[in-house]
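Have a look at the structure below before the remarks.
2 protein chains.
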Amino acid sequence: MKLIDGKAVATQIKQEIAEEVTRIKTAGGKTPHLAAVLVGHDGGSETYVANKVRACEEVGFTSTLIRYEADVTEEELLACVDRLNKDADIDGFIVQLPLPKHISEENVTEAIDYRKDVDGFHPVNVGRMSLGMPCFLSATPAGILELLKRYNIETRGKHCVVLGRSNIVGKPASMLMMQKGYPGDCTVTVCHSRTKNIKEICLQADIIIAALGVPEFLKGDMVKEGAVVIDVGTTRVPSDKTKSGFKLTGDVKFDEVAPKCAFITPVPGGVGPMTIVSLLRNTLLAGKKEIYP
Amino acid sequence: MKLIDGKAVATQIKQEIAEEVTRIKTAGGKTPHLAAVLVGHDGGSETYVANKVRACEEVGFTSTLIRYEADVTEEELLACVDRLNKDADIDGFIVQLPLPKHISEENVTEAIDYRKDVDGFHPVNVGRMSLGMPCFLSATPAGILELLKRYNIETRGKHCVVLGRSNIVGKPASMLMMQKGYPGDCTVTVCHSRTKNIKEICLQADIIIAALGVPEFLKGDMVKEGAVVIDVGTTRVPSDKTKSGFKLTGDVKFDEVAPKCAFITPVPGGVGPMTIVSLLRNTLLAGKKEIYP
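Line by line, the protein sequences give chains D and G. Numbering-wise, our numbering puts 241 at position 232 of the first sequence, and it's gapless, one number per residue. Numbering-wise, our numbering puts 237 at position 228 of the second sequence, and it's gapless, one number per residue.
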């Protein structure tokens, strides 16, 4: 069993990005600039946005954090999106989800100029990804593909089972894994809450991408010998052993599953760090106008 | 075994659309107007476009056919798209694919205003479909779902195997079949040319959507008893028994597969007629500005 060290890969890629930013700056080019919009004070969102801003600084980007209280109106938020769309210095920006219930996430996501949508959530980027066209790839699925690539894990002709059909992981991951080329060319099965024989299907998988958000869902008896398991779950489970009072728990019962795997990602330190790296890469591409002129 | 009569369902839906068009006209509303752009003289394309124009007339739409010779430049074609985008009387239009090799289908498809993209090929419509948002659904997958619905075929919790990963059938059909709700909520497996154990996977399927474009690919020993088989294949195979010199052949070896099925679509007369109906429905929605204001 080989542990996929997402943290180490992320560190390496951040270094590669930092080197490219240095070259761009040295050549007199524009420093990539990411803005993040954070609404309210959700603990998870605070942490994610803080990590994104810190990562921007690490690689030499400019970053801007815009905060709103949870009672901001949709109108005010859309006005902010509009300003960011028009701000020529901002190459890409994200509005951290989830948003308070009185604001439509769809409206906000659609209002973002797709050429600055470095989260890859806008319908144009989702559609172009599905069609195999250049686009800003959704961060988590892109991070998963990058891990498979860096570890030279064969995907062509393999059966990849995706657990979960969310818009930000399950669906785009399934689309990417079935695309022509590498990483891709998988036979792909998508399972979800309505799937009846999930154990039987998982046992056929060469690669499992677990993104249900159900802690320790995937047990040892659901995985065949030699499988590759990518754990996307990051549920905060209460814990009296940590200072924060919770611990991040994956969708995979690691102790049972790991011994059977050829490769497996841990939680934390697997897919998580790669998500931020995908965002940095999209921002770099946005700054260089490589996807959209 | 019950035959799914796509022709009869299509006739019924066309009648429903015709009645609605009559109501709209009686109420002084605008007559829906579809334009079709045809480049060159490919036999298949000629037939498809002629059928679309005829179907428009049958339901009371206005239709416009615009023809170009095969040597039209991409620039000229894009200028035509631009005119149609701006023409307030045209509610929706299609550019019949395939296009000659010197013209980029991606450029042309992306140039179409997504609010008039009644083929559902524009990235915005593909993306919105994937995200479960209102959109112009791609015609063939929408036709398949309509057939399942009209025949009250249960899909929830069923295992749907999609053969083929094309942008116009395989990928969108897989997305729609996994969406929450009915028809949908399927466990979905997508197989393609790189799939190794396609027979084994097909034998697990409750529903098979065959869209490989390989005549008579799906044999009797690949289908379990009681399966629902939807045949999207329409390959023109040379034949000395028809006046045209070819016959339309599906992806399913019908004689072997049909006896095992609960439901099956024939070729021709199954999915084919539904594709045009989906186009008519999208045009009606476009005329009523129901998807995009």
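Using N, Cα and C, we set each Cβ at its ideal position, and we do this for glycine too.
Item                                                                                                                       : Value
Same chain, Cβ closer than 6 angstroms to Ala120 (chain G), five either side skipped, listed in chain order                : Leu87 and Val90
Contained alpha helix (DSSP H) runs [length at least 4] in the region 212–281 of chain D, N- to C-terminal order           : 263–266
For Arg76 (chain G), the residue or residues it bridges with in DSSP                                                       : G:Leu47
Where the beta strand (DSSP E) containing Gly101 (chain G) begins and where it ends                                        : Gly101 to Val104
Nearest residue (CA-CA) to Gly173 (chain G), options G:Ser183, G:Arg137, G:Thr164 and G:Arg165                             : G:Ser183
Cβ pair Ser139 (chain G), Lys180 (chain D) closer than 8 angstroms                                                         : yes
Contacting residues, own chain, Cβ-Cβ under 8 angstroms from Asn134 (chain D) (five flanking each side not counted)        : Tyr123, Asp126, Cys144, Phe145, Leu146 and Ser147
For Leu156 (chain G), the first and last residue of its enclosing alpha helix (DSSP H)                                     : Ala148 to Arg159
For Gly259 (chain D) and Val276 (chain D), believed in contact at Cβ under 8 angstroms, the rounded distance               : 3 angstroms
Helix, strand or coil at Asp126 (chain D) according to DSSP, with G and I counted as helix                                 : strand
C-beta neighbour in chain G for Asp194 (chain D), strict 8 angstroms                                                       : yes
Residue(s) in a DSSP beta bridge with His168 (chain D)                                                                     : D:Thr196
Pair within 8 angstroms by beta-carbon distance, Met186 (chain G) and Val197 (chain G)                                     : yes
Residue environment, Met10 (chain D), which counts as buried when at least 16 other CB atoms sit within 10 Å               : exposed
For His303 (chain G): DSSP bridge partner residues                                                                         : The question about residue 303 (chain G) has no answer here: the residues shown for chain G are numbered 10 through 302.
The region 80–101 of chain G: positions lying closer than 8 angstroms to chain D by Cβ                                     : none
Residue-chain proximity (Arg174 (chain G), chain D), Cβ-Cβ < 8 angstroms                                                   : yes
When D:Gly129, D:Leu212, D:Val232 and D:His50 are compared against Asn176 (chain D), the one with the closest alpha-carbon : D:Gly129
For Lys11 (chain G): DSSP bridge partner residues                                                                          : G:Phe272
Closer than 8 angstroms to chain G by CB, Asn5 (chain D)                                                                   : One cannot answer for residue 5 (chain D) here, as it falls past the ends of chain D, which runs 10 to 302.
Among G:Glu163, G:His131, G:Ala59 and G:Lys34, nearest to Val46 (chain G) - alpha-carbon criterion                         : G:Ala59
Local Cβ density within 10 Å of Asn116 (chain D), reported as buried at 16 or more and exposed below that                  : exposed
Beta-carbon proximity list for Ile13 (chain D), same chain, < 7 angstroms, skipping 5 on both sides                        : Leu156, Tyr160, Phe272, Ile273, Thr274 and Gly279
Pairwise C-alpha distance: Pro192 (chain G) and Ala151 (chain D)                                                           : 30 angstroms
Residues that Ser139 (chain G) contacts on chain B, provided the C-beta gap is smaller than 9 angstroms                    : The chain labelled as chain B is not found among the protein chains of the depicted structure, namely D and G.
Pair within 8 angstroms by beta-carbon distance, Leu227 (chain G) and Ala220 (chain G)                                     : no
Under 9 angstroms from the C-beta of Ile210 (chain G): neighbouring residues of chain D                                    : His168, Thr196, Thr198 and Gln213
Segment limits, alpha helix (DSSP H) that includes Cys144 (chain D)                                                        : Premise fails: Cys144 (chain D) is in no alpha helix (DSSP H) and is neither H nor E.
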